[in-house]
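For the protein sequence lines, the chains are A and B, in the order given. The first sequence begins at 1 in UniProt numbering and counts up by one. The second sequence begins at 1 in UniProt numbering and counts up by one. The structure appears right after this line, and notes come after that.
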Amino acid sequence: MFGNYAGFILASYGVTAATILVLILWVLLDGRKQTKILAQLHERGVHRRSERTKAATHS
Amino acid sequence: MTETKQPSFRIRGLANPTRFLALLDKIMIPLVILTVVVIGVGLYMALIDSPEDYQQGATVRIMYIHVPAAWLAMFAYTMMTISALGTLVWKHPLADVSAKAAAPLGAAFTFVCLTTGSFWGKPMWGTWWVWDARLTSMLILLIIYLGLIALWHAIEDPIKAGKAVAILTLVGFIIIPIIKFSVDWWSTLHQPASVFTLEGPKMDNSMLIPLMVMAIGFTLLFTVLHFKAMKNEILRRRIRSMQMQAARQVASGNRAAATQAASPSTGPSASH
Numbered sequence: 001m002f003g004n005y006a007g008f009i010l011a012s013y014g015v016t017a018a019t020i021l022v023l024i025l026w027v028l029l030d031g032r033k034q035t036k037i038l039a040q041l042h043e044r045g046v047h048r049r050s051e052r053t054k055a056a057t058h059s
Numbered sequence: 001m002t003e004t005k006q007p008s009f010r011i012r013g014l015a016n017p018t019r020f021l022a023l024l025d026k027i028m029i030p031l032v033i034l035t036v037v038v039i040g041v042g043l044y045m046a047l048i049d050s051p052e053d054y055q056q057g058a059t060v061r062i063m064y065i066h067v068p069a070a071w072l073a074m075f076a077y078t079m080m081t082i083s084a085l086g087t088l089v090w091k092h093p094l095a096d097v098s099a100k101a102a103a104p105l106g107a108a109f110t111f112v113c114l115t116t117g118s119f120w121g122k123p124m125w126g127t128w129w130v131w132d133a134r135l136t137s138m139l140i141l142l143i144i145y146l147g148l149i150a151l152w153h154a155i156e157d158p159i160k161a162g163k164a165v166a167i168l169t170l171v172g173f174i175i176i177p178i179i180k181f182s183v184d185w186w187s188t189l190h191q192p193a194s195v196f197t198l199e200g201p202k203m204d205n206s207m208l209i210p211l212m213v214m215a216i217g218f219t220l221l222f223t224v225l226h227f228k229a230m231k232n233e234i235l236r237r238r239i240r241s242m243q244m245q246a247a248r249q250v251a252s253g254n255r256a257a258a259t260q261a262a263s264p265s266t267g268p269s270a271s272h
């Protein structure tokens, strides 16, 4: 399909795809980690000041 | 008067991280779908539909990822420089969040640009690498990105880290015009600009259109990843402040208990 240059072209697209995949995994896994820690803090009763003020206003 | 003030109020409203996160939740899925569609169309045009170059043959297909990666590498740094001004001059609450989230993305696209350039250089120039002005200045940009990322991790307080990184980012911006004009200022192996020139693009539409579609696709991809990384950074900072708050509460509780125990009138022994 790409003649004599197939190796160079496929390697270029391969490296790009791999780098993008690493970036996608990095943001997704980091996001999951932060959400998990935040949920654990809420479970322990630790809330942000603004959340506590809101809760107090509602009660 | 009220109507003219409304848009600026809305933009300022986005400076609030909570509102910004709410907006991200709304736009993220449509943005991801659009990115996948544009990159899919771009890949079809780049790999199948576009013609081979009369001199470079099929290797011209490397251009459709190499050039957008190079543009994004410079775009990300320019955006970080504007964010640095936002941090130092306007003290915008999301400015250093934006810069911190963009740095690894910029570094990754710089790496893609250098690697794909190398894969293109070998069959066309006969070498993987030359220390010419364009390639070397691009390598310096990668080193600057890595330095900024390292500096962020070296300083624990994100506010202090943001300020230090902002100063270094402004200093490092000098590399962007050097990269852009390196092919005009010095005699290099790298070809001069062929898209953004004063005379207009020096490329046929059969190659220019796929290149532009891929560039839009890469920019959308960068935007999606940047927004998601910004959201992660906002959550990380919330967690840090909540953990510090919890630690302060425990410390003040311990101090109160210790004071109570030390005081003879209020201590447990006084009641007996």
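Backbone N, C-alpha and C fix where the C-beta goes; we use that ideal spot for every residue, glycine too. These numbers come from a predicted model, not from an experiment.
{"query": "Under a Cβ-count criterion, where at least 16 other Cβ atoms within 10 Å of its own Cβ denotes burial, should Arg134 (chain B) be classed as buried or exposed?", "result": "buried"}
{"query": "Taking Cβ-Cβ distances shorter than 7 Å, what residues in chain B pair up with Leu23 (chain A)?", "result": "Leu105, Ala108, Leu225"}
{"query": "Run through DSSP, which three-state label would Gly162 (chain B) get?", "result": "helix"}
{"query": "Mind pulling the chain B residues with CB within less than 8 Å of Ala11 (chain A)?", "result": "Phe119"}
{"query": "What are the partner residues of Arg204 (chain B), as DSSP defines its beta bridges?", "result": "The amino acid at residue 204 (chain B) is misidentified as Arg; the sequence shows Asp. In DSSP, Asp204 (chain B) forms no bridge with anything."}
{"query": "For Leu23 (chain B) and Leu170 (chain B), I'd like the C-alpha separation in whole angstroms.", "result": "29 Å"}
{"query": "What's the C-alpha gap between Cys153 (chain B) and Ile82 (chain B)?", "result": "Just to set this straight, residue 153 (chain B) is His in the shown sequence, not Cys. If you take the alpha carbons of His153 (chain B) and Ile82 (chain B), they lie about 21 Å apart."}
{"query": "With DSSP collapsed to three states, give me the class of Gly126 (chain B).", "result": "coil"}
{"query": "So what's Ala193 (chain B) in DSSP terms, helix, strand or just coil?", "result": "coil"}
{"query": "Considering only the alpha carbon of each residue, which of B:Val130, B:Pro177, B:Arg236 lies closest to Trp97 (chain B)?", "result": "Checking the sequence shown, residue 97 (chain B) turns out to be Val, not Trp. Comparing Cα positions, the closest option is B:Arg236."}
{"query": "Taking the beta carbon of Ser50 (chain B) as the centre, do at least 16 other beta carbons fall within 10 Å, making it buried, or is it exposed?", "result": "buried"}
{"query": "How many Å lie between Ala164 (chain B) and Glu52 (chain B) at the Cα?", "result": "47 Å"}
{"query": "Does the Cβ of Lys5 (chain B) have 16 or more other Cβ atoms within 10 Å, making it buried, or fewer, making it exposed?", "result": "Because Lys5 (chain B) carries a pLDDT of 49, less than 50, the predicted location of this residue cannot be relied on, and the following value inherits that uncertainty. The residue is exposed, with fewer than 16 neighbouring Cβ atoms inside 10 Å."}
{"query": "Looking only at its own chain, which residues have a Cβ that is under 6 Å from the Cβ of Val183 (chain B), when we skip the five neighbours before and after it?", "result": "Arg134, His190, Pro192"}
{"query": "Can you list, in chain order, the residues of its chain with a C-beta nearer than 8 Å to that of Ala69 (chain B)? Leave out the 5 residues immediately preceding and following it.", "result": "Phe109, Thr110, Val112, Cys113, Thr116, Phe218"}
{"query": "Cutting at 7 Å between CB atoms, please list the residues of its own chain near Lys202 (chain B), excluding the five before and the five after it.", "result": "Ser194"}
{"query": "Go ahead and pull the three-state DSSP assignment for Asp53 (chain B).", "result": "strand"}
{"query": "By DSSP, does Ala270 (chain B) sit in helix, in strand, or in coil?", "result": "With a pLDDT of 42 at Ala270 (chain B), under the threshold of 50, the predicted position of this residue should be treated as unreliable, and no value is reported."}
{"query": "Taking beta-carbon pairs under 8 Å, can you tell me which members of the stretch 116-146 of chain B lie near chain A?", "result": "Thr116, Phe119, Trp120, Lys122, Pro123"}
{"query": "Can you name, in chain order, every residue of its own chain whose Cβ lies under 8 Å from the Cβ of Arg44 (chain A), other than the five neighbours on each side?", "result": "none"}
{"query": "Please list, in chain order, the residues of the stretch 238-263 of chain B that have any C-beta partner in chain A closer than 9 Å.", "result": "Arg238, Ile239, Ser241, Met242, Gln243, Gln245, Ala246, Gln249"}
{"query": "Identify, in the order they occur along the chain, each residue of the same chain with its Cβ nearer than 7 Å to the Cβ of Ala46 (chain B), setting aside the five sequence neighbours on each side.", "result": "Arg61, Tyr64, Pro210, Met214"}
{"query": "Can you look up Glu156 (chain B) in the DSSP assignment and give me helix, strand or coil?", "result": "coil"}
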